[in-house]
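All remarks here apply to the structure that follows.
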Amino acid sequence: MRARISCIVLSLLLVVAFGCKPAEKPAEKPAEVKHEIHWGYQGEGAPANWGSLKQEFALCSSGMSQSPIDIAKTYKTKLDTIGAAYKDTPLRIVNNGHAVQVNCEPGSFVTIDEQKYQLLQFHFHAPSEHTVKGAFYDMEMHLVHKNDKGDLAVVGVFMKKGAANKIIQVLWDNLPQEVDKENVVSGISVNASGLLPKDTRYYHYYGSLTTPPCSEGVNWSVVITPIEVSEAQIEQFRKLMGFDNNRPILPVNKRFVLESQ
């Protein structure tokens, strides 16, 4: 006991004499703060990483029926015509940071495979997301629909450089510069039927959303004949976005692509 007390006294004398201090416990490093990575088309949030950003985005990496695809081998068959019954809708346009999107009021429908789907919105990509035998179009429009069961149907329309498009110009003249701020334009209505070509024969397959969460089971109808937009209209869109907003091509895997005769 005396020996233990002597050791303690000696330690205190050393501290007084030489300024020595008992060894301190090293400070713990602050916990590393993980920032949420938002999906996009560049950097850490680029398409190659979508599947690992969130659990609900897993299909973006693991899904076997993903979109877009390269439309190369098709099987020609008799397909029902796309029965578009679109109505005028007040212009509500938004730059959501990923695409330019026009939101539609209820009342516009399309009939595909004898099922009625309501038009929710349509938006634009540049360059095109789907390719035909490896070739891109300048842009692609997606008209997104949903039926009463919650099933999705997307009509894709290719856009190529040519004559100026009057409806596109109306949209572009009202493009919001601020991200995620919807521009509700009073006195202007649009009708999506004016953005469909006269020949609406199409390629048909089942795929996915081309943006997270990449949900599968989407009924795709990609119209074969493109519509025209001017070079200036293409450049105006690309300048606004500042980057290519098309998801890279995904494997067709065991799917079949049908083509209207």
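Numbering (the numbering used here), first residue to last: -9 to 251.
For glycine and all other residues, C-beta sits at the position ideal for the given N, C-alpha and C.
Backbone secondary structure at Leu69 - three-state DSSP:
Leu69 falls in the coil class under three-state DSSP.
Please state whether the Cβ-Cβ distance between Lys136 and Tyr107 is less than 8 Å.
It is a contact, given that the beta carbons lie within the stated cut-off.
Beta-carbon separation of Leu240 and Ile59 under 8 Å?
Going by C-beta atoms, Leu240 is nearer than 8 Å to Ile59.
I believe Asn164 touches Asn173 by the beta-carbon criterion, under 8 Å. Please report the beta-carbon distance rounded to the nearest angstrom.
6 Å between Cβ atoms; contact.
Excluding the 5 residues preceding and the 5 following Trp40 in the sequence, name in chain order all residues of the same chain whose CB lies nearer than 8 Å to its CB.
Counting only residues of its own chain and dropping the five nearest sequence neighbours on each side, Trp40 has a CB closer than 8 Å to the CB of Trp29, Phe47, Cys50, Ser51, Pro202 and Cys204.
Can you check the region 139 to 173 for any alpha helix (DSSP H) of at least 4 residues that lies completely inside it and give the ranges in chain order?
Complete alpha helix (DSSP H) runs here, min 4: 156 to 163.
Thinking C-alpha only, which one of Glu26, Asn243, Asn235 and Tyr193 is nearest Cys71?
Here residue 71 is Thr; the residue named in the question, Cys, does not match the sequence. Comparing Cα-Cα distances from Thr71 to each of Glu26, Asn243, Asn235 and Tyr193, the minimum goes to Tyr193.
Which residues does DSSP list as the beta-bridge partners of Lys136?
Under DSSP, Lys136 takes part in a beta bridge, and its partners are Gln108 and Leu142.
Expressed to the nearest angstrom, what Euclidean distance is found between the alpha-carbon atoms of Glu168 and Leu230?
The alpha-carbon separation between Glu168 and Leu230 amounts to approximately 10 Å.
By the DSSP assignment, the beta strand (DSSP E) with Gln91 in it spans what residues?
Val90 to Asn93 is the span of the beta strand (DSSP E), which, as asked, contains Gln91.
Tell me which residues share the same chain as Ala64 and place their Cβ nearer than 8 Å to its Cβ, disregarding the 5 neighbours each side in the sequence.
The amino acid occupying residue 64 in the given sequence is Thr; Ala does not appear at that position. Excluding positions up to five away in sequence, the list reads Tyr193, Val247, Leu248 and Glu249.
Extent of the continuous beta strand (DSSP E) to which Trp210 belongs
Element bounds for Trp210: Glu206 to Val219.
Can you name the residues that DSSP bridges to Ala115?
Per the sequence shown, residue 115 should be read as His rather than Ala. Bridge partners of His115: Glu130.
Helix, strand or coil: how does DSSP classify Arg82 here?
For Arg82, the secondary structure class from DSSP, reduced to helix, strand or coil, is strand.
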